[in-house]
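A short write-up of the structure that comes next.
Numbering (my numbering), first residue to last: 292 to 418.
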């Protein structure tokens, strides 16, 4: 009888091999914790798509130079900015202009100061 059990396998060996994989739920996958400040240059309308892909990841503040597209085609620039605003609004982020040629797009957890260039003086370094 033991020969037949060895040949066809016994019930004990089938119950010893589990049909599942144990997963440690106490261990989470590490999140990307650093925020990246990344520069972009808009030379054409299609360049905005790369910016939007990076912003959707959620950990990038985009500093966008719009001067090349502004001098080339103002209509395309307006379309690109409208597309950027629409995506950033959907992500609950912020779009802000710095000067005439720079736009900053940030995720929802970043607050952009909109008070303008105030009278904040740098600390005196000659102490």
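Built from N, CA and C at the ideal position, the CB exists for glycine as well.
For residue 347, does the three-state DSSP call read helix, strand or coil?
Note: residue 347 maps to helix in three-state DSSP.
Is the CB of residue 331 under 8 Å away from at least one CB in chain B?
This model lacks chain B altogether, as it is built from one protein chain only.
Contact check, residue 339 vs residue 329 under 8 Å by CB: the rounded distance?
Not confirmed; about 14 Å, so no contact.
For residue 367, which option in 325, 337, 327 has the closest C-alpha, if you only look at C-alpha atoms?
That would be 337, whose Cα lies nearest to the Cα of residue 367.
Alpha carbons only, please: which of 355, 389, 378, 360 is nearest the one belonging to residue 399?
Of 355, 389, 378, 360, the residue nearest in Cα terms is 378.
Given residue 374, which residues of its chain have a CB within under 6 Å of its CB, disregarding the five upstream and five downstream residues?
Same-chain partners within the cutoff: 339.
Is residue 326 closer than 8 Å to residue 352 when the C-beta atoms are compared?
Against a cut-off of 8 Å, the Cβ pair of residue 326 and residue 352 comes out as a contact.
Who are residue 362's beta bridge partners in DSSP?
In DSSP, residue 362 forms no bridge with anything.
Can you tell me whether DSSP reads residue 341 as helix, strand or coil?
The answer is helix: DSSP assigns residue 341 an H, G or I state.
Going by the CB atoms, is the gap between residue 396 and residue 384 shorter than 8 Å?
Closer than 8 Å, so yes.
So residue 334 and residue 360 are in contact, right, with Cβ under 8 Å, and what is the actual spacing, rounded?
Residue 334 to residue 360, Cβ: 6 Å. Contact.
Applying the criterion that 16 or more other CB atoms from any shown protein chain within 10 Å of the CB defines a buried residue, is residue 331 buried or exposed?
Its Cβ being crowded by 16 or more others within 10 Å, residue 331 is buried.
If we ignore side chains and look at the alpha-carbon of each, how far apart do residue 390 and residue 401 end up?
Rounded to whole angstroms, residue 390 to residue 401 spans 19 Å at the Cα level.
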